[in-house]
Amino acid sequence: KNQVEQSPQSLIILEGKNCTLQCNYTVSPFSNLRWYKQDTGRGPVSLTIMTFSENTKSNGRYTATLDADTKQSSLHITASQLSDSASYICVVKEAAGNKLTFGGGTRVLVKP
Amino acid sequence: DSGVTQTPKHLITATGQRVTLRCSPRSGDLSVYWYQQSLDQGLQFLIQYYNGEERAKGNILERFSAQQFPDLHSELNLSSLELGDSALYFCASSPPGGHYEQYFGPGTRLTVT
Chain A
4 KNQVEQSPQS LIILEGKNCT LQCNYTVSPF SNLRWYKQDT GRGPVSLTIM TFSENTKSNG
64 RYTATLDADT KQSSLHITAS QLSDSASYIC VVKEAAGNKL TFGGGTRVLV KP
Chain B
27 DSGVTQTPKH LITATGQRVT LRCSPRSGDL SVYWYQQSLD QGLQFLIQYY NGEERAKGNI
87 LERFSAQQFP DLHSELNLSS LELGDSALYF CASSPPGGHY EQYFGPGTRL TVT
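Now the structure itself:
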């Protein structure tokens, strides 16, 4: 069964610090992996999409990495801001069909 | 603002009732996806439509149904509502081709009492 596991479930960091979120997946065959940011009660917003051949992709202070061999991805947040407080969701798309498998998310709280 | 609109924003109804949620995709997007997110839970994929045709089905209950109309807007119908159906319902749309990037709407919060 295709799965996407995220860790940690939740995280508290001080404003200005860095943090890294993890995503492990078993989805196969793999098409692409996305990271979304979801503010409480709002729709998710895409941060990055990476295909098999991409190892790193940045979007401002967000940097995602992908190791397709080990089926692992990470999202690094640099110099965190209070507005980074949100849930971060890892989503993997299968190569066959349109099915997306969602991770359970990591809830990040940035404290001043 | 993603360009995806959903109505209504909030809906409160009683058990056993039926409701319809509406979604208008971004201009040019042919695919519409429906998701359910219960309190403090992850997103659960319900169903996808592409240009009026059902394309993929997820964990959608038989009491739920959806359709996409010729103008590409979509409706999600929820019937015989139960307390456990209380959740945020998100619609997303994506353009044809490419990486199927999805743009999410603001959601409809359904409360069943």
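Protein chains in written order, with the numbering used here: chain A, 4 to 115; chain B, 27 to 139. Backbone N, C-alpha and C define an ideal beta-carbon position, used for all residues, glycine too.
Got a sec? Which residues, its chain only, sit under 7 Å from residue 29/A by beta carbon, not counting five neighbours each side?
-> Result list for residue 29/A: 5, 6 and 74, in chain order.
Cβ-based contacts, 8 Å cut-off: residues of the segment 48-79 of chain A near chain B = Result list: 48, 49, 52 and 54.
Does the Cβ-Cβ distance between residue 86/B and residue 80/B come in under 8 Å?
-> In this structure, residue 86/B keeps its C-beta atom at 8 Å or more from the C-beta atom of residue 80/B.
Measure the CB-CB distance between residue 114/B and residue 133/B and report whether it falls below 8 Å.
-> Yes. Within cutoff.
So what's residue 87/A in DSSP terms, helix, strand or just coil?
-> Correct three-state label for residue 87/A: helix.
Quick one: using the 10 Å Cβ neighbour count with 16 as the cut-off for buried, is residue 37/A buried or exposed?
-> By the C-beta density criterion, residue 37/A is buried, having at least 16 other C-beta atoms within 10 angstroms.
Return the chain-ordered list of same chain residues with a C-beta closer than 8 Å to the C-beta of residue 127/B, the five sequence neighbours on each side being excluded.
-> Contacts found: 120 and 121.
Consider the Cβ of residue 127/B: report whether some Cβ of chain A lies at a distance smaller than 8 Å.
-> Yes, its Cβ sits closer than 8 Å to a Cβ of chain A.
Taking 7 Å as the line, does the beta carbon of residue 34/B fall inside it for any heavy atom of the ligand NAP?
-> With respect to the ligand NAP, the structure offers nothing, as it holds no ligand at all.
Could you check which residue in 47/A, 42/A and 32/A has the C-alpha nearest to that of residue 60/B?
-> For residue 60/B, the nearest C-alpha among the options comes from 47/A.
Could you tell me whether the Cβ atoms of residue 116/B and residue 102/B are closer together than 8 Å?
-> No. Outside cutoff.
Below-8 Å beta-carbon distance, residue 102/A vs any chain B residue | For residue 102/A, the answer is yes, since a Cβ of chain B falls inside 8 Å of its Cβ.
Neighbourhood of residue 89/A by C-beta distance below 7 Å, restricted to the same chain and skipping five residues each side = Excluding positions up to five away in sequence, the list reads 40, 41, 42 and 111.
Could you tell me the boundaries of the beta strand (DSSP E) in which residue 80/B lies?
-> Its beta strand (DSSP E) spans residues 79-83.
Under 8 Å between the Cβ atoms of residue 8/A and residue 115/A?
-> Cβ distance not < 8 Å, so residue 8/A and residue 115/A don't count as in contact.
Tell me whether residue 92/B is buried or exposed, calling it buried when 16 or more other Cβ atoms sit within 10 Å of its Cβ.
-> In this structure residue 92/B is buried. Its beta-carbon is surrounded by 16 or more other beta-carbon atoms within 10 angstroms.
Please list, in chain order, all residues of the same chain as residue 36/B whose beta carbon is under 6 Å from its beta carbon, the five residues on each side excluded.
-> Cβ contact annotation for residue 36/B (same chain, cutoff 6 Å, sequence separation greater than five): 135, in chain order.
Residues, ordered as in the chain, of the segment 23-48 of chain A that lie near chain B by beta-carbon distance below 9 Å | Residues 34, 35, 37, 39, 41, 44, 45, 46, 47 and 48.
Quick one: grab the DSSP three-state call for residue 109/B.
-> In this structure, residue 109/B counts as helix in the three-state DSSP scheme.
Does any CB atom of chain A fall closer than 8 Å to the CB of residue 82/B?
-> Judged by the 8 Å Cβ criterion, residue 82/B is in contact with chain A.
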